[in-house]
Amino acid sequence: MEDKSIIQVRGLCKSFGKLQVLNDISTDFQEKKVVSIIGPSGGGKSTFLRCLNLLEMPTSGSIVFDGVDLCSSDTDINAQRQKIGMVFQHFNLFSNMNVMRNLTIAPMRIRKKSQEEAEEMAMGFLRRMGLEDKADSYPSQLSGGQKQRIAIVRSLMMEPEVMLFDEPTSALDPEMIGEVLDVIKQLALEGMTMIIVTHEMRFAREVSDRILFLDGGRIDEDRGADEFFDDPHSPRLISFLKKVL
Amino acid sequence: MGFFEQIAVILQRYYPYFLDGVKNTLIIAAMSVVLGVVFGTLMAIMRMCRIKPLKWLAAAYIEFVRGTPLMVQLMFIFYGLPMVGIEFPDVSWIPNFSRFMAGIVAMSMNSCAYVAEVIRSGIQAVDEGQMEAARSIGFRYGESMRLVILPQAVKNILPALGNEFVTVIKESSIVSVIGISDLMYGTNGVIALTYRSLPCLAIAACIYFVLTFLSSRLIAYLEKRMKHGR
Ligand SMILES: Nc1ncnc2c1ncn2[C@@H]1O[C@H](COP(=O)(O)OP(=O)(O)OP(=O)(O)O)[C@@H](O)[C@H]1O
Ligand SMILES: [Mg+2]
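One line per chain: the protein sequences are A and B, in this order. Taking the working numbering as reference, the numbering of the first sequence is continuous, increasing by one, and the terminal residue is 296. Taking the working numbering as reference, the numbering of the second sequence is continuous, increasing by one, and the terminal residue is 252.
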């Protein structure tokens with residue numbers, strides 16, 4: 052069975068001034084698969100993820116999403132971003148809006164959903180997470196774990212084809228990490244295509260189909276989840292795993 | 023006659039001078055802030071826009087105005103503009119209209135630069151992640167600004183604008199040098215009539231203080247109400 056590739060990255064380079072952060076990255080992401088990206092701090096993981104929805108503009112190379120070249124000047128990048136959900140380390144919920152508005156504003160304004168339709172959908176998600184009583188709360192009144200789960204729902208409300216996660220649990224207190232990881236695992240079970248930057252090794256192994264080791268702006272290892280940990284080839288990955296495990 | 027008796031006597035006899043001065047000071051301050059906010063907003067937009075020449079022009083203006091004394095700017099407008107052929111007309115029912123206009127123009131051109139910086143820093147103080155989240159969900163730049171960034175920036179900007187009003191009330195005392203009958207001008211008038219400079223200045227200081235104190239209390243009150251209403 053051939054998996055359908057949804058994102059093709061070819062020769063992706065990104066520099067900030069003289070600093071080259073991504074160095075000739077080529078890889079594919081398959082539909083309904085979960086890929087984790089791990090690597091040392093400063094290795095370019097966030098930059099890579101941010102290039103995938105053009106929060107950073109690549110210096111060279113191409114990213115094709117759903118058959119559309121994102122870097123081409125006649126691509127409507129806003130339309131493409133609507134199909135790519137992004138979850139940030141620091142949640143970035145809109146702090147001037149309550150939870151319900153955070154969830155419904157994009158579907159209503161962009162997808163032209165009616166308010167009832169959007170609110171019903173939002174309530175459905177909130178109930179599933181046991182957060183229905185938070186609909187009227189403002190982000191500042193929520194715990195980190197609650198904020199991050201709401202942020203995930205905010206992305207899901209746009210019914211994205213791919214979800215990107217940039218260290219979704221790194222800003223959380225330890226006791227809240229589990230509740231967020233559970234949500235991501237559930238999404239994996241439902242067949243959501245996901246690319247996850249994380250430092251949670253056990254979680255990565257459990258949830259991923261494939262893991263990339265990104266170091267010094269290059270993909271240094273690209274393996275199935277179990278081989279990645281049990282039989283690493285790259286010397287750098289071997290020493291990295293020694294440090295973190 | 024003791025100091026406080028002197029003050030009482032002066033107030034009793036010359037209070038219309040002070041009242042008239044307060045009225046004009048408030049008119050000038052209010053007009054200057056309103057115009058300053060309107061043009062300051064435009065200036066801030068220019069300062070942040072992507073068209074380089076506009077951006078540089080705004081940056082240069084803001085730096086220049088903030089880097090030169092208001093007194094010089096006022097003189098420049100008052101004496102300089104007529105020399106290049108720009109004169110404010112005299113209006114019969116408002117005495118000294120052309121002087122007034124020169125004062126207001128100078129004060130608002132000055133205030134405009136400060137307001138532009140207040141607006142710019144208010145917007146920049148909003149966490150970058152807010153814009154990134156809005157863009158990544160698919161909103162265009164303009165929508166992100168309008169729906170997410172500006173509503174948050176306003177909360178930073180309004181209190182700072184209140185402070186700007188307080189500053190303008192104080193700084194406006196400078197327009198008396200071009201003969202505008204503001205509070206300072208009125209005070210000088212009373213000094214000239216009574217030869218009692220200290221009590222007169224004490225009265226002026228108290229009035230200025232009451233004006234600025236009341237304004238900042240009012241602003242604090244509005245701020246608090248805004249916080250409750252989110
Ligand atoms: N906007 C930027 N301007 C300049 N340099 C940047 C910018 N963003 C990232 N960098 C640099 O690029 C390099 C890679 O950063 P990146 O955030 O992608 O690393 P990372 O792998 O996500 O690290 P971490 O695990 O700490 O999040 C770092 O050296 C960083 O300083
Ligand atoms: Mg990072």
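Glycine included, each C-beta is placed from N, C-alpha and C at the ideal position.
Residue i: CB within 7 angstroms of a non-hydrogen atom of ligand 1
i, result
"A/Thr78", "no"
"A/Lys293", "no"
"A/Ser97", "yes"
"A/Val72", "yes"
"A/Phe142", "no"
"A/Ser92", "yes"
"A/Phe67", "yes"
Residue i CB to nearest heavy atom of ligand 2 below 7 angstroms
i, result
"A/Glu218", "yes"
Beta-carbon neighbours of residue i, restricted to chain A and to distances below 7 angstroms
i, result
"B/Leu169", "Ile156"
"B/Gly151", "Phe139, His141, Asn143"
Cβ-based burial, residue i [other Cβ within 10 Å; buried from 16]
i, result
"B/Cys228", "exposed"
"B/Ile72", "The sequence as given places Arg at residue 72 of chain B; Ile does not occur at that position. It is exposed - the Cβ of B/Arg72 has fewer than 16 other Cβ atoms within 10 Å."
"B/Tyr39", "buried"
"B/Ile108", "exposed"
"B/Arg142", "buried"
"A/Val150", "buried"
"B/Arg69", "buried"
"B/Pro111", "exposed"
"B/Arg239", "exposed"
"A/Gly229", "exposed"
"B/Leu236", "exposed"
"B/Tyr101", "exposed"
"B/Phe25", "exposed"
"B/Pro75", "exposed"
"B/Thr47", "buried"
"A/Gln133", "buried"
"A/Asp217", "buried"
"A/Leu70", "exposed"
8 angstroms Cβ cut-off: residues of chain B touching residue i
i, result
"A/Arg160", "Phe161, Glu165, Leu169"
"A/Leu193", "What A/Leu193 touches in chain B: nothing, since even the nearest Cβ is about 15 angstroms away."
"A/Leu106", "Glu154, Arg157, Ser158"
"A/Met209", "Ile159, Gly160"
Chain A residues whose Cβ lies nearer than 9 angstroms to that of residue i
i, result
"B/Ala155", "Met137, Phe139, Phe142, Asn143, Leu144, Phe145, Ala202, Arg205"
"B/Ser130", "Under the 9 angstroms cutoff, chain A gives no residues; its nearest Cβ is about 30 angstroms from B/Ser130."
Same chain only: Cβ atoms within 8 angstroms of residue i, ignoring 5 sequence neighbours per side
i, result
"A/Glu107", "Lys65, Thr98, Arg101"
"B/Ala147", "Ala175, Asn178"
"A/Val119", "Thr126, Gln131"
"A/Val234", "Met180, Arg200, Ile203"
"A/Gln166", "Thr155, Met159"
"B/Ser120", "Glu109, Phe110, Pro111, Asp112"
Residues near residue i by beta carbon distance below 6 angstroms, same chain, minus five either side
i, result
"B/Tyr207", "Ser198"
"A/Val115", "Gln59"
"A/Lys83", "Gly242, Thr244"
"B/Leu233", "Ile191"
"A/Thr72", "Sequence check: residue 72 of chain A is Val here, not Thr. Closer than 6 angstroms at the Cβ level, and outside the excluded window around A/Val72, lie Lys65, Gly95, Thr98, Gly268."
"B/Ile145", "Ala175"
"A/Glu212", "Lys134"
"B/Ala128", "Gln95, Leu96, Ile99"
Interface partners of residue i on chain B, CB under 7 angstroms
i, result
"A/Met227", "Those within 7 angstroms of A/Met227 in chain B number zero; the least Cβ separation is about 19 angstroms."
Nonlocal neighbours in the same chain, by C-beta distance under 7 angstroms from residue i, ignoring five residues either side
i, result
"B/Ser166", "Met153, Ala156, Arg157"
"B/Pro181", "Ile241, Glu245"
"B/Lys77", "Met68, Arg69, Cys71"
"A/Leu296", "Met252"
"A/Ala157", "Met208, Met209"
"A/Met148", "Ile156"
"B/Ser219", "Ile213"
"B/Phe187", "Ala51, Val55, Ser237"
"A/Lys164", "Pro158"
"A/Phe145", "Asn153"
"B/Arg59", "The amino acid occupying residue 59 of chain B in the given sequence is Val; Arg does not appear at that position. Val137, Leu183, listed in sequence order."
Any non-hydrogen atom of ligand 3 closer than 7 angstroms to residue i Cβ
i, result
"A/Ile270", "Absence of ligand 3 is noted for the structure shown, with ligand 1 and ligand 2 being the only ligands found."
Item to check | chain B contacts from the segment 138 to 152 of chain A (Cβ-Cβ distance under 7 angstroms) | outcome: Within the segment 138 to 152 of chain A, the residues whose Cβ lies closer than 7 angstroms to some Cβ of chain B are Phe139, His141, Asn143, Phe145, Ser146, Asn147, listed in chain order.
Checklist entry - Looking at chain A, which residues of the segment 167 to 194 of chain B have a Cβ within less than 7 angstroms of any of its Cβ atoms? => result Answer in chain order: Leu169, Val170, Pro173, Gln174.
Checklist entry - Listed from N- to C-terminal order along the chain, which residues in the segment 122 to 133 of chain A have their beta-carbon within a distance smaller than 8 angstroms of any beta-carbon of chain B? => result Answer in chain order: Asn129, Ala130, Arg132, Gln133.
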